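Asker: Residue numbers (this note's numbering), protein chains in the order written: chain A, 6 to 260; chain B, 4 to 118.
This is the structure we're talking about:
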């Protein structure tokens with residue numbers, strides 16, 4: 006099919022899709038006229054039932070926990086897929102480029118100015134504290150594992166951006182990163198399965214709920230949120246490592 | 004009309020994303036179009052969950068029973084934003100590999116299946 010014919014075919018189909026969409030939404034309530042019963046019910050009961058003041062996370066890690074487990078494994082599988090696609094290929098690397106060239110590239114880094122280094126260190130400290138804070142307070146205020154994990158994973162990126170590639174390499178090559186990624190994913194499933202030993206359903210909130218508003222409250226919600234934080238941190242750091250290594254290899258090959 | 008603007012905007016973003024995917028001449032561009040397409044679901048879900056006078060569903064400093072927007076749709080989106088970023092990373096890594104194997108990022112030229 007030529008690209009022109011395809012565009013015409015698309016425009017016709019898109020018009021059809023738009024028509025079906027409009028027909029499907031003809032009886033939808035106007036903006037702001039909320040009619041769904043579930044949202045109203047869950048906002049009434051979540052604080053009493055789960056002792057979590059952030060209802061979004063109470064849904065995420067408890068009411069809808071099984072679904073989030075699935076999302077977790079989409080995340081996990083995507084990270085694995087990237088690692089698999091960019092796995093080191095021995096034969097190819099021996100052909101054109103060798104390790105010394107990569108090394109050369111790393112050594113060519115410009116000397117880091119003191120200002121940059123000091124502000125980078127300050128920034129990294131702030132990011133780690135803020136990331137842990139966000140991940141740990143998910144059950145109380147907006148935040149949780151997903152958001153905190155992304156903030157934590159950005160900290161090594163700041164190290165890299167400030168020109169300190171060697172320190173970045175040392176951080177991201179740590180086995181702890183892989184442990185966080187896989188341990189977080191496995192931990193979620195284990196917390197869910199632990200409920201089975203108490204004769205409850207999978208992912209039932211079995212840990213004592215504590216005082217509403219306390220840091221250690223809401224039972225498994227806080228635990229799962231922390232585990233998700235670990236996994237997201239590990240996953241994103243692994244992604245950044247893989248991509249940046251790919252860039253360095255491509256760079257070394259071109260020279 | 005204005006009351007239904009969310010649905011229209013969602014459909015609008017969806018169709019433009021789809022248009023981009025269909026007519027794209029570059030796989031990286033195509034991946035970005037897929038991301039644009041996906042953001043239409045955020046607009047749609049947030050629009051459905053919105054309530055006039057509703058505030059954020061966080062009861063840390065407001066009493067239970069206050070009118071809040073639907074937390075369900077927000078929970079759906081929250082996980083999706085992070086997961087989408089990694090799925091994008093996976094798609095882009097496929098683009099890199101495709102470029103290595105076929106030497107092109109133009110989907111038009113990727114016609115022959117090679118092992």
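Glycine is no exception: its CB is placed at the ideal position from the N, C-alpha and C atoms.
Fair warning: this is a prediction, and the values are worked out from it, not measured in the lab.
Are the CB atoms of residue 154 of chain A and residue 237 of chain A nearer to each other than 7 Å?
Answerer: The residue given as residue 154 of chain A occupies position 149 in the first chain. The residue given as residue 237 of chain A occupies position 232 in the first chain. Cβ atoms of residue 154 of chain A and residue 237 of chain A: closer than 7 Å.
Asker: According to the neighbour-count rule (16 or more other Cβ atoms, all chains shown, within 10 Å of its Cβ), is residue 171 of chain A buried or exposed?
Answerer: Residue 171 of chain A sits at position 166 when you count from the first residue of the first chain. Flag for residue 171 of chain A reads exposed.
Asker: Just verifying my parser: in three-state terms, what is the DSSP assignment at residue 55 of chain B?
Answerer: Against the second chain, residue 55 of chain B aligns to sequence position 52. Residue state, collapsed to three classes: coil.
Asker: Short of 7 Å Cβ to Cβ, which residues in the segment 11-44 of chain B face chain A?
Answerer: Taking 7 Å as the Cβ-Cβ cut-off against chain A, the residues of the segment 11-44 of chain B that qualify are 14, 18, 21, 22, 25 and 26.
Asker: Since residue 81 of chain B meets chain A, which of its residues come closer than 7 Å, beta carbon to beta carbon?
Answerer: Start at 1 with the first residue of the second chain, and residue 81 of chain B comes out as number 78. 61, 65 and 151, listed in chain order.
Asker: Is the Cβ of residue 7 of chain A closer than 7 Å to any Cβ of chain B?
Answerer: In the first chain, residue 7 of chain A corresponds to position 2, counting from 1. No, residue 7 of chain A does not count as interfacial toward chain B.
Asker: What runs of the beta strand (DSSP E), each 3 residues or longer, lie entirely inside the segment 39-88 of chain A?
Answerer: DSSP runs (the beta strand (DSSP E)) wholly in the segment 39-88 of chain A: none.
Asker: Please identify, using Cβ separations under 7 Å, the residues of the segment 83-101 of chain B that lie next to chain A, in order along the chain.
Answerer: Listed in sequence order: 85, 86, 89, 90, 92, 93, 96, 97, 99 and 100.
Asker: If we count Cβ pairs, one from each stretch, closer than 8 Å, do we get three or more for the segment 123-141 of chain A versus the segment 220-234 of chain A?
Answerer: A contact exists between the segment 123-141 of chain A and the segment 220-234 of chain A.
Asker: For residue 45 of chain A, tell me which candidate among B/55, B/113, B/68 and B/96 has the shortest Cα-Cα distance.
Answerer: What you label residue 45 of chain A is simply residue 40 of the first chain in a count that begins at 1. Nearest C-alpha to residue 45 of chain A: B/68.
Asker: Take residue 160 of chain A as the anchor and find which of A/81, A/124, A/215 and A/180 has the nearest alpha-carbon.
Answerer: By one-based count along the first chain, residue 160 of chain A stands at place 155. Minimum Cα distance to residue 160 of chain A is reached at A/124.
Asker: Taking DSSP as the reference, what is the three-state secondary structure of residue 102 of chain A?
Answerer: Here residue 102 of chain A refers to the residue found at position 97 when the first chain is read from its first residue. In this prediction, residue 102 of chain A scores a pLDDT of 47, lower than 50, which makes its location untrustworthy; the coordinate-derived value is nonetheless stated afterwards. Reduced to three states, the DSSP call for residue 102 of chain A is coil.
Asker: Just the chain A side, please: which residues come within less than 7 Å of residue 73 of chain B by C-beta, in chain order?
Answerer: Here residue 73 of chain B corresponds to residue number 70 of the second chain, with the count starting at 1. What residue 73 of chain B touches in chain A: 39, 41 and 44.
Asker: So, at 7 Å on beta carbons, what are the nonlocal neighbours of residue 249 of chain A in its own chain, with the 5 sequence-adjacent residues on each side left out?
Answerer: Taking the first chain and counting its residues from 1, one reaches residue 249 of chain A at position 244. Within the same chain, residue 249 of chain A has close Cβ partners 165.
Asker: Please check if any C-beta of chain B sits within less than 7 Å of the C-beta of residue 71 of chain A.
Answerer: To locate residue 71 of chain A, count along the first chain from 1; it is residue 66. It does not: the Cβ of residue 71 of chain A has no partner Cβ on chain B nearer than 7 Å.
Asker: What is the DSSP secondary structure of residue 71 of chain B, reduced to helix, strand or coil?
Answerer: Indexing the second chain from 1 puts residue 71 of chain B at position 68. Residue 71 of chain B falls in the strand class under three-state DSSP.
Asker: Is there a C-beta anywhere in chain B that falls below 7 Å from the one on residue 199 of chain A?
Answerer: In the first chain, counting from the first residue as 1, residue 199 of chain A sits at position 194. Answer no: the Cβ-Cβ gap between residue 199 of chain A and chain B never drops below 7 Å.
Asker: So, at 7 Å on beta carbons, what are the nonlocal neighbours of residue 21 of chain B in its own chain, with the 5 sequence-adjacent residues on each side left out?
Answerer: Reading the second chain from its first residue, position 18 is the one you call residue 21 of chain B. Taken in chain order, the residues that qualify are 40.
Asker: List the endpoints of the continuous alpha helix (DSSP H) containing residue 28 of chain B.
Answerer: As a first step, residue 28 of chain B must be located in the second chain, where it is residue number 25. Per DSSP, residue 28 of chain B belongs to no alpha helix (DSSP H) and is neither H nor E.
Asker: Using C-beta distances below 7 Å, list every residue in its chain close to residue 193 of chain A, excluding the 5 sequence neighbours before and after it, in chain order.
Answerer: Mapped onto the first chain, residue 193 of chain A falls at position 188. Here the set comprises 74, 77, 229, 232 and 233.
Asker: Less than 7 Å between C-beta atoms, sequence neighbours within five positions excluded: which residues of the same chain meet that for residue 27 of chain B?
Answerer: Position 24 of the second chain, counting from 1, holds the residue named residue 27 of chain B. Same-chain partners within the cutoff: 33, 36 and 110.
Asker: Report yes or no: is there a C-beta of chain B within less than 7 Å of the C-beta of residue 35 of chain A?
Answerer: For the purposes of this step, residue 35 of chain A is taken as residue 30 along the first chain, with counting starting at 1. Yes, its Cβ sits closer than 7 Å to a Cβ of chain B.
Asker: How big is the Cα-Cα spacing for residue 86 of chain B and residue 79 of chain A?
Answerer: Walking along the second chain from the start, residue 86 of chain B turns up at place 83. Walking along the first chain from the start, residue 79 of chain A turns up at place 74. Looking at the two C-alpha atoms, the distance is approximately 7 Å.
Asker: Between the alpha carbons of residue 8 of chain B and residue 198 of chain A, how many angstroms are there, rounded?
Answerer: Stepping through the second chain from its first residue, residue 8 of chain B is reached at position 5. Stepping through the first chain from its first residue, residue 198 of chain A is reached at position 193. Their Cα atoms are separated by approximately 44 Å.
Asker: Is it the case that the Cβ atoms of residue 64 of chain A and residue 66 of chain B are separated by a distance below 7 Å?
Answerer: As a first step, residue 64 of chain A is located in the first chain; it is residue number 59 there, counting from the start. As a first step, residue 66 of chain B is located in the second chain; it is residue number 63 there, counting from the start. Not in contact: residue 64 of chain A and residue 66 of chain B (Cβ atoms no closer than 7 Å).
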